[in-house]
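These notes concern the structure reproduced below.
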Amino acid sequence: MKLVLLFLTLVGLVRAEESNVVEESLTTNKLFKVLRAVPEDLLQLNYLLDIYHDHTKGIKLDFWKAPSAMNTATDIMIQTDDFSTFADTLQRQNITNYVIIDDVAKLMEEREKISVFNKRLSASKRRDTAGSTINEEESYNFQAYGSYPKMQSWMRALSRKHPNLVRYVTIGKTHEGRNIDGLEIGGQNKSKRIFWIDGGIHAREWAASHTTLYFIHQLTSRYGRDPTITRYVDELTFLIIPNLNPDGYTFSRSVFSPSIRLWRKNRSKPSCYVDDWGRRRCCRGVDLNRNFDFHWSEAGSSDDPCSEIYQGTAPFSEPETAAIRNTIFSNEYRGRFDGFVTLHTYSQLLIHPYGHKKEAYPADINELYKVGKKAAQALKAVYGTNYVVGSGADTLYPASGGSEDWAKLKAKIKFVYLMELRPDEKNWDGFILKERELIPTATETWAGIKVIADAIIEYIHVNQISAKKKPLFISLKGRFYDIRDFAKKHPGGAKVLEKVAGSEVDKYMNGTERIMGVKHEHSDAAYHMLESYGVDKTHTTDPYLEKGRPIFWEIGHLGEKYWSWIHQPYDGTLRLFKSDFMEKLTRTSWYMIPGIWMPLVLLFAFMGFHQMIDRYGVQRGGIYSIALFALGSLVWTLLEYVLHKYAFHWEPNPKSHAQITFHFAMHGIHHKTPMDGDRLVFPPTPALFIIAFFYLVYTSILPWHVFCCFGAGKLFGYIAYDCIHYYLHHGQPAVKSNMHYRKVYHHNHHFKDFDVGFGISTNLWDYIFSTEGSGPL
Ligand SMILES: [Zn+2]
Ligand SMILES: [Zn+2]
Ligand SMILES: [Zn+2]
């Protein structure tokens, strides 16, 4: 095998004899053929695999279809000049081979030249004469391949046309400084679950980008008209990035020549190395779909910068792949993805993870396969196009560092697929799809995508994932009802219910008070219907709520269910430990807090005041003491906010028993049993450690007299907070009083939207950090 490589290399050497440096040879005036080779035994397959990984050390070969299995064709583009040499070497291995495209440029000319290369000319001419573009951004020609700027301007126009539905997003910049742009379709709600769709990670796979644009067209033009589309957009946010590799795409359209049209990688700067023959070789570009942090560099990728499947210098070494990672892990989007589909061409495959080796699958493979199979059937139903479903390693060949595998394993997205669009793998025209096939390709693919969207929505509902972010509780005469599933069926509309979420609805239901301008007295049937949504109903079947069952060490087993479980409030109490003594330790009456800590406040306030007066006299000393005391209380409110938002509402890893148990002890139990008065305030024992910690910090940086006033104020702030919190849950403040407002505000944090409204003593910090919750209607 190595001998043949040596031979190939020699051929390369002859070609490069004039110069010692071989730059990548993107000859634009050469002729190219595509040759099909069919390995019939393992030896032949290994031979082809070897040149697939290492070929660039010799003749420039461009694998349209990598070698994958015996008796399966591999398609290789090669310069006509080198053809006979290469065909001879194959012949010598007895590998069956024949030419499938005699002149690639001619094929391109027949299929693409008129539209891409001439149209661009005529478009620029038109612009010159007309002086302006006559609103042509408003429409997109789906019968032809558009330029990247054309895609951008069309998407911009859509975001202007549907400002409440569509948002234009830029996820990052490419190596050459282009923006990687896309659309977020789904409205303003920042807690909706997301379906990610991308295309064009490989430059030459033009139909992939085109197809994602068609999805955008479907979603935006049919929202509000087609009930299915309307449901998709109401339930999900679609984040669609049509072209992940705009540098490569633009390059592949720049010159009418096969070696450029069929560019696959990005356009990152040339990497050079010295080959076995002492020549310096420099080649540009990284295969972005080998650059993700998933078994990077292990299989089906190359460390040769001249290879079509060059993996890059490290995972995420490329700005394009880093942009994807950063977007998926950003504060705005992190943890919200349930679907990830990446489009490629060609082979007609619907691929699920994993791809780095054969027979490697995620744990939920049966579910992924079932949905994939159903999607392929729906796709076939449109024009009869056959898709094969399976993992990349099983259906094609093992390849590591791919985006889809990374999305599944590292980003933990539920439904992940890679689609290789038309034509099928037996077809010889591969990447150069006839333009008249564009719309049919997009249409049938959309049918498959819809099946995946349905699966995502069902998954969200069954697992109450949307509930995780948005509970919808109401109370009627003190009983709780979880009406999330009912809201859509509510005859008066879901909007009203969202408005009253978290509050007592008696006065609205019996029609004594207006809601959104309407008074409506509900029927007995309505009350009856509400009965079935009572949360105590679900509580009767919840083993964790069995009376007297100690659950503290079991909570960790809730895993994925933990987060929604704690946000289903239970109006009773829970037993944590078996031992009565331990159980007693977990309970603290609210008056313990002022009882224990108030003497300390008085002591320090007195000491501080005394010293201040000694130093500055009665008037100034008095003012200083009071100011420092107030500052201490204010600093407490900030600490209260930070603790509640970041520590108490930190989401534990559902796989970690310890993290869940810790979160439960810290705040989970309060959200599960908000009415349990003995588990509401912070127990004095752990508080002692925290207070001692701050004591050490402050006394080391503040003079004693300053600390005494400030510390007393801060501790006072803490006591006030715990007492106020207790009062908000158990007191009955007069309607319209400030405390009543605070009570509603805090209950809305519990029952309406626990991602906002963290302030208990004050909402000052909620306003400053824009996490305001809502008060009374
Ligand atoms: Zn691809
Ligand atoms: Zn909370
Ligand atoms: Zn509370």
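Everything in the sequence shown is counted per the working numbering, starting at 15 for the first residue and increasing by one.
Glycine is no exception: its CB is placed at the ideal position from the N, C-alpha and C atoms.
What is the C-beta distance between residue i and residue j, in whole angstroms, given that I count them as a contact (C-beta under 8 Å)?
{"i": "residue 668", "j": "residue 576", "result": "6 Å"}
{"i": "residue 331", "j": "residue 305", "result": "6 Å"}
{"i": "residue 424", "j": "residue 308", "result": "7 Å"}
{"i": "residue 426", "j": "residue 583", "result": "Not really, about 28 Å apart at Cβ, beyond 8 Å."}
{"i": "residue 51", "j": "residue 111", "result": "4 Å"}
{"i": "residue 361", "j": "residue 312", "result": "No, residue 361 and residue 312 are not in contact; Cβ-Cβ is about 22 Å, not under 8 Å."}
{"i": "residue 651", "j": "residue 776", "result": "5 Å"}
{"i": "residue 690", "j": "residue 600", "result": "The pair is not a contact, with the Cβ atoms about 10 Å apart (cut-off 8 Å)."}
{"i": "residue 82", "j": "residue 411", "result": "4 Å"}
{"i": "residue 688", "j": "residue 754", "result": "Contact doesn't hold; Cβ gap of about 17 Å is too wide."}
Less than 7 Å separating the beta-carbons of residue i and residue j?
{"i": "residue 397", "j": "residue 364", "result": "no"}
{"i": "residue 186", "j": "residue 217", "result": "no"}
{"i": "residue 547", "j": "residue 495", "result": "yes"}
{"i": "residue 258", "j": "residue 199", "result": "no"}
{"i": "residue 455", "j": "residue 435", "result": "yes"}
{"i": "residue 386", "j": "residue 366", "result": "yes"}
{"i": "residue 871", "j": "residue 680", "result": "Absent from the model: residue 871. The displayed extent of the chain is 15 to 791, so no value can be given."}
{"i": "residue 322", "j": "residue 188", "result": "no"}
{"i": "residue 3", "j": "residue 471", "result": "Nothing can be reported for residue 3: it is not among the residues displayed for the chain, which extend from 15 to 791."}
{"i": "residue 84", "j": "residue 48", "result": "no"}
{"i": "residue 293", "j": "residue 284", "result": "no"}
{"i": "residue 46", "j": "residue 113", "result": "no"}
{"i": "residue 758", "j": "residue 717", "result": "no"}
{"i": "residue 267", "j": "residue 122", "result": "no"}
{"i": "residue 206", "j": "residue 251", "result": "yes"}
{"i": "residue 656", "j": "residue 728", "result": "no"}
{"i": "residue 432", "j": "residue 225", "result": "no"}
{"i": "residue 348", "j": "residue 260", "result": "no"}
{"i": "residue 197", "j": "residue 243", "result": "no"}
{"i": "residue 58", "j": "residue 105", "result": "no"}
{"i": "residue 520", "j": "residue 486", "result": "no"}
{"i": "residue 374", "j": "residue 465", "result": "no"}
{"i": "residue 403", "j": "residue 390", "result": "yes"}
{"i": "residue 222", "j": "residue 359", "result": "yes"}
Does at least one heavy atom of ligand 1 sit under 6 Å from the Cβ of residue i?
{"i": "residue 534", "result": "no"}
{"i": "residue 219", "result": "yes"}
{"i": "residue 358", "result": "yes"}
{"i": "residue 224", "result": "no"}
{"i": "residue 189", "result": "no"}
{"i": "residue 216", "result": "yes"}
Between residue i and the rest of its own chain, which residues show a CB-CB distance below 8 Å, the 5 nearest in sequence each way excluded?
{"i": "residue 453", "result": "156, 157, 228"}
{"i": "residue 247", "result": "179, 199, 200, 201, 233, 237"}
{"i": "residue 571", "result": "671"}
{"i": "residue 568", "result": "558"}
{"i": "residue 56", "result": "84"}
By Cβ distance below 6 Å, which residues in the same chain neighbour residue i in space, the five residues on each side in sequence not counted?
{"i": "residue 700", "result": "none"}
{"i": "residue 430", "result": "354, 367, 418, 421, 422"}
{"i": "residue 264", "result": "162"}
{"i": "residue 533", "result": "525"}
{"i": "residue 37", "result": "Only weak support exists for where residue 37 lies, its pLDDT of 45 falling under 50; the coordinates are left without a value."}
{"i": "residue 195", "result": "166, 184"}
With a cut-off of 7 Å, does the C-beta of residue i fall near any C-beta of chain D?
{"i": "residue 277", "result": "Going by chain labels, chain D is absent from the structure shown, which holds only one protein chain."}
Cβ-heavy atom distance between residue i and ligand 5 below 6 Å?
{"i": "residue 654", "result": "As far as ligands go, the structure on display features ligand 1, ligand 2 and ligand 3 and does not contain ligand 5."}
Ignore the nearest five residues each way along the sequence and tell me which others in residue i's own chain have a CB closer than 7 Å to its CB.
{"i": "residue 33", "result": "Confidence at residue 33 is low in this model, with a pLDDT of 37, below 50, so its placement is unreliable and no value can be given for it."}
{"i": "residue 590", "result": "564, 565, 566, 597, 600"}
{"i": "residue 682", "result": "580"}
Segment contact flag, the segment 730-744 with the segment 587-607, C-beta cutoff 8 Å, min 3 pairs: Verdict: yes, contact present.
For the segment 175-182 against the segment 315-322, are there 3 or more C-beta pairs whose distance is under 8 Å? By the Cβ rule, the segment 175-182 does not count as touching the segment 315-322, because fewer than three pairs are nearer than 8 Å.
I want to know whether the segment 628-647 touches the segment 749-763 - three or more CB-CB distances under 8 Å. Taking 8 Å as the limit for Cβ pairs, the verdict is that the segment 749-763 does not touch the segment 628-647.
Answer yes if the segment 719-730 comes into contact with the segment 744-757, meaning at least three C-beta pairs across the two stretches below 8 Å, and no otherwise. The segment 744-757 and the segment 719-730 do not touch, with fewer than 3 CB-CB distances between them shorter than 8 Å.
Three or more C-beta pairs below 8 Å linking the segment 66-85 and the segment 438-449: Contact holds: three or more Cβ-Cβ distances are below 8 Å.
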